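Visitor: Sharing a structure below in structure tokens format, with a few things to ask.
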Amino acid sequence: MGLQIYNSMTQQKEEFVTLEPGVVRMYVCGPNLYGPAHVGHAMSYVIFDTIKRYLKYRGYRVVHVQNFTDIEDRIIETAKANGTTISALADQYIARFFREMDALNVSRADYHPRATEVIPDIIRMVEGLIQKGYAYALDGDVYFRVRQFKGYGSLSRRSIEQMEAGARVEVDERKEHPMDFALWKTAKPGEPSWESPWGQGRPGWHIECSAMSMRFLGEQLDIHGGGQDVIFPHHENEVAQSEAYSGKAPFVRYWVHNALLKLREGDEKMTRHLGNFVSAQDALDKFGTDAIRLFLLSSHYRSPLSWTDEGVMAAERGAARLRVALRDMADKPAESPHDALSQQAETARSAFVVAMDDDFNTPRAVAQVFDLARLVNQARDSGASAQSLGYAQSVLKELTDVLGLPLMGRSGPSQAEPFVSLLVDVRNELRAARQWALADDIRERLTQLGVVLEDGPQGTTWRYGAE
RNA sequence: GGCGACGUAGCCAAGUGGUUAAGGCAGGGGUCUGCAAAAUCCCGAUCGUCGGUUCAAUUCCGACCGUCGCCUCCA
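Each number in the numbering used here corresponds to the 1-based position in the first sequence with 104 added.
Take a look at the structure:
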């Protein structure tokens, strides 16, 4: 059985079949640029990065688009409050976003368009929707005619009547129907705006994603991802306007939505405007990439997760064990040595693939990685050949790469290196002279400085420890 | 109120109608070590509560309790 993906639209796992064989067209909703990213965003992007890595590992060519929404009410407000422009604000947060995502080893998309770069596409789409009778202009605004699109509500599983009944917002009386949503809005004085057939204005919130995905990926996509909180109204509206415009269905073959991150058990989800979040930067200041990714991937993407320092610290200790397994990685032999260890490694790899094939079950995949790490450590302890070890390590590395774990240790070469080596040498002379107390003192004091010494049969090795 | 999800060892977290319920962290014991560290070995759960279906349920159904998401901006 091949890859199965849970599709939010049908609420079941389905066999993954792409529109075009061998190619995956994937669009992931990017952030609104009114503030810095938090670890909830990080979780979503780590998850979709892992999905992308796995699809590539499975041999697909992946065309990945992730937008930046740089025109939207909140951004306009924030820019105004900070006395800056939306463009400058966006530049600032985009730079920061890339810095943080790079640090999390989240690979960049093939295209990172900004909403303001596709205004002509948006206008063309809105015009098309009006022509087809799916939208109507009203004093410079343009609204999508929700009742015209049969199937509105199918993604979020609700009917127009239901929503109307539970509506919590005051309704704009001019609209034909309370649920009709804005495709284009008249600019208020001082707001950024573009010329359009309906006067000076700007796009509504949902249309930009349809325009960007269509521009870079065509009228139909294989995977569209985002957080569960964006299913309604954002993705629901995207389906409506995209399918109404193109006349093609489905707009998206597989809707993939990750569950949301909470600050701690029993809390609500993290949200920037509630302030109950840990910023991506804070997390990166405190923890390493391996720990953060491993923590986030230790639970299934459709299960809600609580961010806790203890949890990430536990993940860090696990990551340390994986690093040990990959330590002094022997060269990968040209082919499998066909011994017991190699076969076990291949079994682990198969189990990893089976787990990931089952709707990207990263917790189960991670379990396979730990099993293999134990086998490698065991083999090394019992003096396995470099060839045998090298092969198993190469498989382990292959799998941890799919998970996007760098596993490179805390820091690279530093200026402290020669001095640490010197101390290690001095200490070993003391040990040779059986001056245990002094030797232990050096070790203890280095540990306090974050350098861990380990005496093994092959001599003393050292590494940066957790502080 | 409507729609949806979840409740598994001290903590995190997979999974299955019926052989030993993954994996990680923490804890206890052993091996190794001058001592440590690292690594490794051994040790722990009957699966929210109460009913039902079934030869058999943690796994299916119902009720209840608890938690969370969406219905408004949101990854």
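We put the CB at the ideal spot given by N, CA and C, even for glycine. Predicted, not measured: the structure shown is a model, and the values here were computed from it.
(1) Taking buried to mean at least 16 other C-beta atoms within 10 Å of its own C-beta, is Leu526 buried or exposed?
(2) Using three-state DSSP, classify Thr551 as helix, strand or coil.
(3) CB Met508 to CB Val210, shorter than 9 Å?
(4) Would you decide whether Glu124 is buried or exposed? Buried here means 16 or more other CB atoms lie within 10 Å of its CB.
(5) Alpha carbon to alpha carbon, how far is Asp174 from Ile311? Give it in angstroms, no decimals.
(6) Within its chain, find whatever has a CB closer than 8 Å to the CB of Arg589; leave out the 5 residues flanking it on each side and keep chain order.
(7) Val480: which of Leu493, Val132, Val470 and Ala471 sits nearest, CA to CA?
(8) Three-state secondary structure (DSSP) at Ile227?
(9) Leaving out the 5 sequence neighbours to the left and right, which residues in its chain are closer than 6 Å to Gln552 when beta-carbon positions are compared?
(10) Give me the Cα-Cα distance between Val506 and Arg427, rounded to the nearest whole angstrom.
(11) With burial defined as no fewer than 16 other Cβ atoms inside 10 Å of the residue's Cβ, what is the status of Thr393: buried or exposed?
(12) Quick test of your reading: Pro307 and Ala219, contact by CB under 8 Å. State the CB separation rounded to the nearest angstrom.
(13) Would you say the segment 410–423 touches the segment 224–236, given that touching needs at least three Cβ pairs under 8 Å?
(14) Measuring alpha carbon to alpha carbon, tell me which of Ile327, Ser317, Ala490 and Gly244 ends up nearest Gly303.
(15) With a floor of 3 residues, list each beta strand (DSSP E) that falls wholly inside the segment 314–377, ordered by position along the chain.
(16) Pull up the distance between the alpha-carbon of Val499 and that of Lys160, whole angstroms please.
(17) Using CA atoms only, rank isn't needed, just tell me which of His142, Ile109, Gly126 and Gln116 is closest to Gln385.
(18) Does Gln562 pass the burial test, meaning 16 or more other C-beta atoms within 10 Å, or should it be called exposed?
(19) Flag this pair as yes or no: are the beta carbons of Tyr110 and Glu119 separated by less than 9 Å?
(20) May I have a chain-ordered list of the beta strand (DSSP E) segments no shorter than 3 residues that lie completely inside the segment 204–266?
(21) Asp559 bridges to which residues according to DSSP?
(22) Are the beta-carbon atoms of Val250 and Ala344 separated by less than 9 Å?
(23) Is DSSP giving Ser498 helix, strand or coil here?
(24) Helix, strand or coil for Glu118? Go by DSSP, reduced to three states.
(25) Applying the criterion that 16 or more other CB atoms from any shown protein chain within 10 Å of the CB defines a buried residue, is Met229 buried or exposed?
(26) Is there contact here, the segment 359–366 with the segment 393–411, by at least three beta-carbon pairs under 8 Å?
(27) Are Asp195 and Tyr247 closer than 9 Å when you measure CB to CB?
(28) Leu242: which of Gly257, Ile546, His281 and Asn171 sits nearest, CA to CA?
(29) Measure the CB-CB distance between Tyr138 and His168 and report whether it falls below 9 Å.
(30) Can you tell me whether DSSP reads Asn171 as helix, strand or coil?
(31) Any idea which residues DSSP pairs Tyr110 with across the strands?
(32) In the DSSP assignment, the alpha helix (DSSP H) including Pro307 goes from what residue to what residue?
(33) Excluding the five sequence neighbours on either side, which residues of its own chain have a C-beta within less than 6 Å of the C-beta of Val127, listed in chain order?
(34) In terms of residues, what are the limits of the beta strand (DSSP E) holding Phe285?
(35) Looking at Leu557 and Arg538, is the spacing between their C-beta atoms short of 9 Å?
(36) Using the three-state DSSP reduction, which class does Val127 fall into: helix, strand or coil?
Guide: Taking the coordinates as given:
(1) exposed
(2) helix
(3) A quick correction: the sequence has Gly, not Met, at residue 508. Yes; because the gap between Cβ atoms is below 9 Å, this pair is in contact.
(4) exposed
(5) 13 Å
(6) Outside the displayed range of the chain (105 to 571) lies residue 589, so it cannot be described from this structure.
(7) Leu493
(8) helix
(9) none
(10) 15 Å
(11) buried
(12) 7 Å
(13) no
(14) Gly244
(15) 325–331 and 356–362
(16) 16 Å
(17) His142
(18) exposed
(19) no
(20) 239–242 and 245–248
(21) Thr564
(22) yes
(23) helix
(24) strand
(25) buried
(26) yes
(27) no
(28) His281
(29) no
(30) coil
(31) Lys117
(32) No alpha helix (DSSP H) holds Pro307; the beta strand (DSSP E) holding it covers Gly305 to Pro307.
(33) Arg165
(34) Phe285 to Thr290
(35) no
(36) strand
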